[in-house]
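In my numbering, the protein residues as written are 1 to 185. Structure first, then comments.
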Amino acid sequence: MTTKPGPRARGATVWLTGLPSAGKTTIARHLGERLEAEGRRVEILDGDEIRRFLSAGLGFSRADRNTNVQRIGLVSEVLARNGVLSVVPVIAPYADSREAVRKRHEASATPYVEVHVATPVDVCSERDVKGLYARQAAGRLTGLTGVDDPYEPPADPDLVLATQSQTPEESADAVYAVLAERGLV
Ligand SMILES: Nc1ncnc2c1ncn2[C@@H]1O[C@H](COP(=O)(O)OS(=O)(=O)O)[C@@H](OP(=O)(O)O)[C@H]1O
Ligand SMILES: Nc1ncnc2c1ncn2[C@@H]1O[C@H](COP(=O)(O)OP(=O)(O)O)[C@@H](O)[C@H]1O
1 MTTKPGPRAR GATVWLTGLP SAGKTTIARH LGERLEAEGR RVEILDGDEI RRFLSAGLGF
61 SRADRNTNVQ RIGLVSEVLA RNGVLSVVPV IAPYADSREA VRKRHEASAT PYVEVHVATP
121 VDVCSERDVK GLYARQAAGR LTGLTGVDDP YEPPADPDLV LATQSQTPEE SADAVYAVLA
181 ERGLV
């Protein structure tokens with residue numbers, strides 16, 4: 001039997017940061033399905049979809065990535081403050097912009113969970129879900145995060161996932177366990 005949360009169920013932002021093909025989207029989907037099955041309100045703020053609408057026109061310069069991350073951080077904080085579990089599979093390569101998002105959440109006492117999907121770049125490049133690593137290697141793409149563009153790993157994340165030695169279900173369960181420890185599920 002699943003118990004429906006009361007009207008005062010606490011929301012949270014779960015930010016999954018990591019390289020392209022690290023597993024962010026896959027983990028977000030598994031986690032989202034589990035939380036929805038338990039009756040929680042869940043939103044997955046998918047980076048690609050956001051870039052088609054809310055961040056249309058932005059590229060991958062440092063400034064544009066920061067703008068993108070701040071916009072997503074704002075939307076996620078509003079959702080989370082209103083009881084939604086907001087799951088954010090977005091690269092967010094720069095420590096200062098992730099820190100600004102964390103501060104935005106702290107300012108409203110809204111729970112914020114930072115997960116580093118720490119898949120090594122050679123594994124990501126083998127997975128190459130969208131063919132970006134191959135395009136970069138062929139000289140048809142520059143500025144690929146983790147290859148010829150920076151990725152600043154989180155200094156003090158709430159969780160680090162080594163997805164190269166886990167199934168997606170195991171990774172999602174590890175995130176769920178952090179939410180449970182914090183009393184958010
Ligand atoms: N140059 C370059 N570097 C990184 N990623 C690239 C690039 N060009 C396109 N893409 C695709 O765009 C997705 C990343 O968008 P994000 O909004 O998550 O990135 S960021 O936080 O603004 O850096 C990212 O999605 P994921 O693969 O799901 O991470 C890529 O598919
Ligand atoms: N433990 C794991 N967690 C997440 N994805 C995994 C894991 N193990 C293997 N994978 C695979 O890695 C790929 C990750 O792709 P995706 O989730 O789209 O990455 P990202 O959103 O970070 O770009 C998928 O094909 C997925 O099945």
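We put the CB at the ideal spot given by N, CA and C, even for glycine. Remember, predicted model here, so these are calculated numbers, not experimental data.
Closest Cα partner of Asp148 within the set Leu79, Pro157, Ala28 and Pro93
Working through the sequence shown from its first residue, we reach residue 148 at position 148. Measuring from the Cα of Asp148, the nearest candidate turns out to be Pro93.
Quick check on this structure: which residue in Leu74, Leu35 and Gly32 has the alpha carbon closest to the alpha carbon of Ile50?
Indexing the sequence shown from 1 puts residue 50 at position 50. Minimum Cα distance to Ile50 is reached at Leu74.
Since Pro89 sits in a beta bridge, which residues does DSSP pair it with?
For the purposes of this step, residue 89 is identified with residue 89 of the sequence shown, where counting begins at 1. The partner list for Pro89 (beta bridge, DSSP) reads Leu16.
For Met34, which residues from the same chain have a beta carbon less than 7 Å from its beta carbon, with the 5 sequence-adjacent residues on both sides left out?
As a working mapping, residue 34 is identified with position 34 in the sequence shown. Rather than Met, the amino acid found at residue 34 in this sequence is Arg. These residues qualify, in order along the chain: Ala172 and Tyr176.
Which residues does DSSP pair with Leu45 in a beta bridge?
Here residue 45 is taken as the residue at index 45 of the sequence shown, counted from 1. Leu45 is not bridged to any residue.
Let me check understanding here. Comparing Cα to Cα, which of Arg10, Val88 and Tyr151 lies closest to Arg40?
In the sequence shown, the residue the question calls residue 40 occupies position 40. Comparing Cα positions, the closest option is Arg10.
What span of residues does the alpha helix (DSSP H) with Val101 cover, start to end?
Here the question's residue 101 lines up with position 101 in the sequence shown. Ala95 to Ala107 is the extent of the alpha helix (DSSP H) around Val101.
In whole angstroms, what separates the C-alpha of Pro168 from that of Val117?
Start at 1 with the first residue of the sequence shown, and residue 168 comes out as number 168. Start at 1 with the first residue of the sequence shown, and residue 117 comes out as number 117. Cα-Cα distance, rounded: 11 Å.
Please tell me whether, using a cut-off of 7 Å, the distance from the CB of Arg127 to the nearest non-hydrogen atom of ligand 2 is below it.
As a first step, residue 127 must be located in the sequence shown, where it is residue number 127. Answer for Arg127: yes, Cβ within range of ligand 2.
Segment contact, 8 Å Cβ cut-off, at least three pairs: the stretch 79–96 with the stretch 11–24
yes
Close Cβ partners of Asp64 (< 6 Å) along its chain, the five nearest in sequence each way excluded:
Translated into positions along the sequence shown, residue 64 becomes position 64. Closer than 6 Å at the Cβ level, and outside the excluded window around Asp64, lie Leu58.
What residue from Ala107, Leu141 and Ser61 has the CA that sits closest to Arg81's CA?
Along the sequence shown, read from residue 1 onward, the residue named residue 81 stands at position 81. For Arg81, the nearest C-alpha among the options comes from Ala107.
Looking at the strands, I want to know which residues DSSP matches up with His30.
Within the sequence shown, numbered from 1, the residue matching residue 30 stands at position 30. His30 pairs with nothing; no bridge assigned.
In this structure, does DSSP put Val129 in helix, strand or coil?
Start at 1 with the first residue of the sequence shown, and residue 129 comes out as number 129. Here Val129 sits in coil by DSSP.
Is it the case that the Cβ atoms of Arg102 and Glu77 are separated by a distance below 8 Å?
Here residue 102 corresponds to residue number 102 of the sequence shown, with the count starting at 1. Here residue 77 corresponds to residue number 77 of the sequence shown, with the count starting at 1. No, they are not a contact pair.
Is Val14 closer than 8 Å to Leu79 when the C-beta atoms are compared?
Sequence index remark: in the sequence shown, residue 79 carries index 79 (1-based). Sequence index remark: in the sequence shown, residue 14 carries index 14 (1-based). Result no, Cβ atoms of Leu79 and Val14 do not sit closer than 8 Å.
Put Asp156 into one of helix, strand or coil per three-state DSSP.
Start at 1 with the first residue of the sequence shown, and residue 156 comes out as number 156. Here Asp156 sits in coil by DSSP.
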